[in-house]
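Our numbering numbers the first residue of the sequence shown as 897 and each following residue consecutively.
We put the CB at the ideal spot given by N, CA and C, even for glycine.
Following: one structure in structure tokens, then a few remarks.
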Amino acid sequence: MLHTKCIFEALFVMMRKLLLLLVGFMLSCITYSQNRDITIHWDIDDVSKSRELKSNKANNYNRLERMLSRVNLQLESDVLIYRHQWEDKGFANENSLEIVNIKYGNLSSEELKKVNKKLVPNKPEYSISSSKGRNKIYTSVSISPVVKVNGQYRKIHSFSVNYSYKNRLRNNTRMPIVNSVLATGNWYKFKVEKTGIHRIDKGFLNDLGMNTDGINPRNLKIYGNGGKPLPLVNEDNLSFDLPENAIQVIGEEDGSFDNADFILFYGTSVDGYNGDGFFEQGGAFFENGSFLNPYSDESYYYVTVGDSPGKRVSPMVEPTGSATVTINRFDDIQFHEEDEFSPAKVGRRWFGNRFDIESEQSFEFNFPNISSGQPMAVTVRAAAASESTTSMAISINATSIDPLTFSSIDDPILLTVDQTQVDIPASTETVTVDLTYNNSGNPSSVGYLDYIFIRALRN
């Protein structure tokens, strides 16, 4: 009996220890609810007047806080966004955000003139994210400060934020640090200017500095990410080194890279179609809102001869049986976009052609063997900086469509943007887009073209 009692006591102690360990583990994973009250100060002086603040921080703290609040009002994808940031103790869970206790106010007549009513949402749109810098965590919440409530345009005066932290275990994970593939071997860098299949021959490799005499072509390798932009959110970037690209080496079977041998590989440039969310937001890349890489004007790859066979394109196995679908047309995508001007002097949004002295400009696109009569999607996106309302007339193959309209600007709005997307029947292989900026008699008004995007079917 005593022996049995000892066994039960030992089991009880063991179970209690296991329970404590389990509770400790669960506590380490618990995400605690966080909350914060935020006020948007609309009736404030110009930010530049912050220089007038004296050294008496006690008297000027509230005024300075209100001025800094003004800085947090930004134009983001042509919509007014309010962003508030603070130092935090953990990474916010993006899916846990709740906005409550929203208090609205009326827009003044002057404020109402500055609002692009076509871009005002019917309810608050918001998001939350966290980042880490210099061993400190910062959380930022963004919200649309102007909304349409019951048919009325209202501005948000204050609101409360409720959110929770991400799993702590996930935040503590670290990617292992390893040497890059570029750390060993001889590497030769070359640039790709257009997306497509590229041919590399013996002469090209020799011009890069590679000694092709005696190399084993089976060991030729090409590495690189191409010109596709990195994700704007750091945690979405899963590539920590250059990947190897599958290539085809014609003539590698004999183990010698001869004058008639060459490499075929698919390379991507920094601009154009990449297949990721291309048709979102009026035909632009979903994340960047642009057809151009925001970080680089050039795309590079690296070629080397390794100690083992390189990655090759796998041969396709042709399916058996009769075809059930016959494809004789395809989507061709063309665009015009240049990054030359930053009218707001801030942010990622750049513009190309300027419309002031030269108010009329024409752009031509060529679509060989276009499918006549089929719908052709055309998107035109432009902006203007003017103290009065202006417009831009659009003509596609001599057919006028609804013009773009730009409301007047006033602090803090530095630029107004408008865009249109229409489907028109394709007629000729040459598509001409004529743009005419009407400055409404104000010579200081300036128009800017963001991009023209055309998607048409070709035979």
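Give me the Cβ distance between residue i and residue j, rounded to the nearest whole Å; I'm assuming they're in contact under 8 Å.
i: F1263; j: V1327; result: 6 Å
i: R1208; j: A1142; result: 6 Å
i: A1240; j: L1311; result: 5 Å
i: G1105; j: S1195; result: That pair is no contact at about 20 Å.
i: I1320; j: F1231; result: I1320 to F1231, Cβ: 17 Å. No contact.
i: S929; j: S1060; result: 5 Å
i: H1053; j: Y1000; result: 7 Å
i: R1351; j: I1253; result: The Cβ separation is near 32 Å, so there is no contact.
i: V1199; j: F1086; result: 7 Å
Buried or exposed for residue i, please, with buried defined as at least 16 other CB atoms from any protein chain shown within 10 angstroms of its CB.
i: Y1333; result: buried
i: V1313; result: buried
i: K1014; result: exposed
i: Y1191; result: exposed
i: E1149; result: exposed
i: L1128; result: exposed
i: Q1048; result: exposed
i: I1093; result: exposed
i: G1029; result: exposed
i: P1299; result: buried
i: M897; result: Residue placement at M897 cannot be trusted, given a pLDDT of 49 that sits under 50; the coordinates are not used to answer.
i: V1242; result: exposed
i: F1226; result: exposed
i: A1219; result: exposed
i: D1172; result: Legend: pLDDT at D1172 = 44, less than 50; position of this residue unreliable, value from coordinates given subsequently. By the neighbour-count rule (16 or more Cβ atoms within 10 Å), D1172 is not buried but exposed.
i: R1244; result: exposed
i: M1212; result: exposed
i: G1185; result: buried
Quickly, what does DSSP pair residue i with across the bridge? List them, please.
i: W982; result: T1035
i: R1277; result: Q1315, Y1347
i: D1045; result: The question names Asp, yet the displayed sequence has Val at residue 1045. DSSP lists Q1048 as partners of V1045.
i: D1235; result: Answer by DSSP bridge pairing: none, since D1235 is not bridged.
i: L1116; result: V1201
i: P1271; result: P1321
i: F1251; result: G1343
i: E1256; result: T1332
i: F1055; result: I934
i: T1295; result: I1292
i: S1195; result: V1088
i: A1352; result: D1228
i: E1140; result: Y1119
Taking Cβ positions, are residue i and residue j nearer each other than 7 Å?
i: S1026; j: I1033; result: yes
i: N1355; j: N1265; result: yes
i: T1286; j: N1335; result: yes
i: G1343; j: F1251; result: yes
i: H980; j: V1042; result: no
i: E994; j: N1058; result: yes
i: D984; j: T935; result: no
i: K1051; j: L1003; result: yes
i: L1345; j: A1273; result: no
i: A1280; j: F1302; result: yes
i: I1305; j: V1318; result: no
i: G1206; j: K1117; result: yes
i: L1160; j: Q1144; result: yes
i: V1276; j: T1316; result: yes
i: Q1257; j: L1353; result: no
Starting from the Cα of residue i, find the closest Cα among the options and give me that residue.
i: S1267; options: T1286, S1291, A1278, N1224; result: N1224
i: N1112; options: D1157, V1221, S1005; result: D1157
i: N1082; options: N1063, A1281, T1108; result: T1108
i: D1103; options: Y1084, I995, S929, T1091; result: Y1084
i: N1018; options: I1039, D1228, T1324, E1007; result: I1039
i: Y1197; options: D1137, I1350, K1044; result: D1137
i: D1097; options: N991, I1297, D1228, D1154; result: D1154
i: T838; options: S1218, V1088, E1233, G1185; result: Any question about residue 838 goes unanswered here, given that the chain covers just 897 to 1355.
i: T1091; options: P1211, D1167, G986; result: D1167
i: S1291; options: F1259, S1204, H937; result: F1259
i: W938; options: L976, R932, N931; result: L976
i: N1115; options: S1135, E1140, L1126; result: E1140
i: S1340; options: T1222, Q1270, S1255; result: S1255
i: E1283; options: A1079, P1020, G1337; result: G1337
i: N1046; options: F1237, V1016, N1031, N1075; result: V1016
i: E1234; options: I998, N989, E1006, D1193; result: D1193
i: K1009; options: I1309, D1330, Y1119; result: I1309
i: Y1119; options: D1330, V1011, E1236, A1079; result: A1079
i: S1204; options: L1101, N991, G1151, P1020; result: G1151
i: A988; options: F1237, N931, G1110; result: N931
i: S1135; options: Y1162, V1077, G986; result: V1077
i: W982; options: E1006, P1020, L1331, D933; result: D933
i: V996; options: E1021, Y1162, F1261, N1075; result: E1021
Return no unless some Cβ of chain D is closer than 7 Å to the Cβ of residue i.
i: I1159; result: Among the chains of the structure shown, chain D does not appear; only one protein chain is present.
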